[in-house]
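For reference, the structure is listed below as structure tokens.
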Amino acid sequence: MDSNDTPGPTSPRFPVGSVVLCGILVGISVVVLGIASYFRLSPETNALRESAMGGVNGTWNKTIALNIGFFTTGLVRAGSHLFKLAPEPRAALDTLQGAEVGVYKLQADAGWVDHRAILARADREMSARGWDRVVGVSREHELVAVYVPKRGLSSRRMKCCVLVLQDRDLIVVGASGNLDPLLHLAQQRLDFKDTPLHFALR
Amino acid sequence: MKQFLPCMLGTAALPLALAASAFGEPLPPGQVDFGSFTAPAGGGEFVEVNVTSSLISLATKFLEKDQPDVAKVLQGLQLVHVNVIGLNDENRPDIQERVQGIRKDLETKGWERIVKVQDKGQDVGVYLKTQNKDTVQGLVVVVIDGGKEAVFVNVVGDIKPEQLSMLGEKLHIDPLKKIGKEVEKKDSNQDKP
């Protein structure tokens, strides 16, 4: 048999350079998407915002829209354990698993705002997403609505969305977390035997 | 054939299940549907609070260590619903009519009126839904306050009359204290020969 007939080493299916380039592109995409996600609100908070904005004539300017998700809060929680913290900030960090806030300002005076329509629209949008309103307060120039998920709510899995509309200012907030550390701290710190609890007093 | 029969049964059961769900689940005995309220036009007051059992259980967890008796009562609650509607010339007739309608409906459905006060512009009605003599299944308070606002409260749950008074005492809820005492007075009058 002629040695010239033996096959030479086969070339790799994917060149190493292409793999590295793809990896870099994927990494950049992930970083870009990750950074962009800090400035995008969740669908529920977005729905609340759109419900309010849709009920007011005028142009809204965004002051800030910030979203800190589970990954970031997890990193912060993990990093915080390297330091010694007081119980209150420790409990707060251990509780928070995600937070988002959007602040918007109406360019011109809105005049009279139909709070009924805003609440109705927000209720519809949030109900379609599996959320119920637990609090709704409307006064002359103020509207506050608080929503929580219909199902799956517990002290370990607490989520809420809040809408506040006051004059020309709109604030939407979303938060999720595990309330157990805060409840534990509160039980240790508060003595209900001495603390009067006043409800429904006029 | 073996597969055909279960498939047929499943197909037949599906519309029945859909039809059943279309009628909706019946409300628990102590729950009252006041209907939907909307914020009054012109910026009048509107407050709606709807605390379900999941949120009540959070509050229970918060209190169980230091106020176990209150926590135990809260455990029995399923729902707390409150509506406060500011009255104006536009909605006053409609709300007053709804109040009368709700009161008649409650009495028709076996709710017992334990408090009725019409004094100094206040029109207060308190109703209880009881099971046997031992357990209150629901509590409804309907108030028209001086023609300025209407208040609707529904507390749903397995609570005993003596717990109403205790809950009012511990949490300093004056209206609940009064209601609990009225209920106890009513029960003690009934027990007398």
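Chains A and B, in that order, give the protein sequences.
Numbered per our numbering, the first sequence finishes at 202, counting up by one with no gaps.
Numbered per our numbering, the second sequence finishes at 1193, counting up by one with no gaps.
Cβ atoms here follow ideal geometry from the backbone N, Cα and C, with glycine treated the same way.
Keep in mind that this is a model prediction, so the values were computed, not measured.
Thinking just about the alpha-carbon of each residue, which of the options is nearest to the one in residue i?
i	options	result
A:T72	A:T63, A:D94, A:A117, A:A186	A:D94
A:L204	A:R49, A:N61, A:Y38	Because chain A here runs from 1 to 202, residue 204 of chain A falls outside it and cannot be looked at.
B:V1141	B:Q1067, B:V1151, B:K1133	B:V1151
A:V101	A:A186, A:S176, A:I28, A:E140	A:S176
A:K208	A:R40, A:E44, A:G79, A:V32	Because chain A is modelled from 1 through 202, residue 208 of chain A falls outside the range shown and cannot be assessed.
B:D993	B:Q1163, B:G1035, B:P1028, B:P1040	This structure gives no information on residue 993 of chain B, because the portion of chain B shown stretches from 1001 to 1193.
B:V1126	B:T1108, B:N1154, B:E1149	B:N1154
B:V1124	B:W1111, B:V1099, B:E1107	B:V1099
B:R1113	B:V1136, B:R1092, B:K1120	B:V1136
A:R124	A:A52, A:R77, A:F83, A:R40	A:A52
A:A120	A:G111, A:D109, A:G136, A:W112	A:G136
A:R116	B:P1028, B:E1045, B:I1056	B:E1045
A:C161	A:S80, A:V173, A:A92	A:V173
A:A128	A:V113, A:W112, A:G111, A:Y147	A:Y147
B:E1149	B:K1133, B:I1085, B:K1109, B:Q1131	B:I1085
B:M1074	B:Q1131, B:I1056, B:P1026	A quick correction: the sequence has Leu, not Met, at residue 1074 of chain B. B:L1074 has its Cα closest to that of B:I1056, out of B:Q1131, B:I1056, B:P1026.
A:V76	A:A91, A:I64, A:T63	A:A91
B:Q1031	B:E1064, B:H1081, B:L1063, B:L1058	B:H1081
B:G1076	B:V1156, B:S1165, B:E1169	B:V1156
A:L66	A:G54, A:G55, A:G34	A:G34
B:K1104	B:G1138, B:Q1131, B:P1029, B:F1034	B:F1034
A:M126	A:V20, A:S42, A:G111	A:S42
B:L1106	B:E1064, B:G1138, B:D1158, B:K1120	B:G1138
A:Q187	A:E88, A:I171, A:L163, A:D169	A:E88
A:L182	A:R157, A:P15, A:A78	A:R157
Counting C-beta neighbours from all protein chains within 10 Å, is the total for residue i 16 or more, i.e. buried, or is it exposed?
i	result
A:G58	exposed
B:K1129	buried
A:P149	buried
B:F1037	buried
B:W1111	buried
A:Y38	exposed
B:T1060	buried
A:F83	exposed
B:Q1163	buried
B:I1102	buried
B:Q1118	exposed
B:F1062	buried
A:I28	exposed
A:Q97	buried
A:I64	exposed
Can you check whether the C-beta of residue i is within less than 9 Å of a C-beta belonging to chain B?
i	result
A:M131	A small fix is needed here, since residue 131 of chain A is Trp in this sequence, not Met. With 9 Å as the cut-off, A:W131 does not count as an interface residue toward chain B.
A:E125	no
A:G136	yes
A:M158	yes
A:R116	yes
A:E44	no
A:A120	yes
A:T73	no
A:R139	yes
A:L165	no
A:V173	no
A:V148	yes
A:L153	yes
With 9 Å as the threshold, decide whether the Cβ of residue i is near any Cβ in chain A.
i	result
B:D1158	no
B:N1050	yes
B:G1076	no
B:D1123	no
B:K1065	yes
B:K1061	yes
Three or more C-beta pairs below 8 Å linking the segment 1043-1052 of chain B and the segment 131-142 of chain A
Yes, the segment 1043-1052 of chain B is in contact with the segment 131-142 of chain A.
Give the residues from the segment 1139-1154 of chain B that approach chain A closer than 8 Å (Cβ to any Cβ), ordered along the chain.
Those would be none; no residue qualifies.
Closer than 9 Å, Cβ to Cβ, to anything on chain B: give me those residues from the segment 78-112 of chain A, in chain order.
Cβ contacts with chain B come from W112.
Members of the segment 1033-1058 of chain B that neighbour chain A once the beta carbon cut-off is set at 7 Å:
Residues passing the 7 Å Cβ filter: T1038, A1039, G1043, E1045, F1046, V1047, E1048, V1049, N1050, V1051, S1054, L1055, L1058.
Going along the segment 24-57 of chain A in order, which residues come within less than 7 Å of chain B, judged by CB to CB distance?
Result list empty, no residue passes.
At least three beta-carbon pairs within less than 8 Å, the segment 1067-1074 of chain B to the segment 140-158 of chain A:
At 8 Å Cβ cutoff, the stretches do not touch.
With 8 Å as the limit, tell me which residues of the segment 175-186 of chain A have their beta carbon closer than that to any beta carbon of chain B; keep them in chain order.
Here the close residues are L179, L183, A186.
Going along the segment 1092-1126 of chain B in order, which residues come within less than 8 Å of chain A, judged by CB to CB distance?
Taking 8 Å as the upper bound on Cβ-Cβ separation, chain A lies near no residue of the segment 1092-1126 of chain B.
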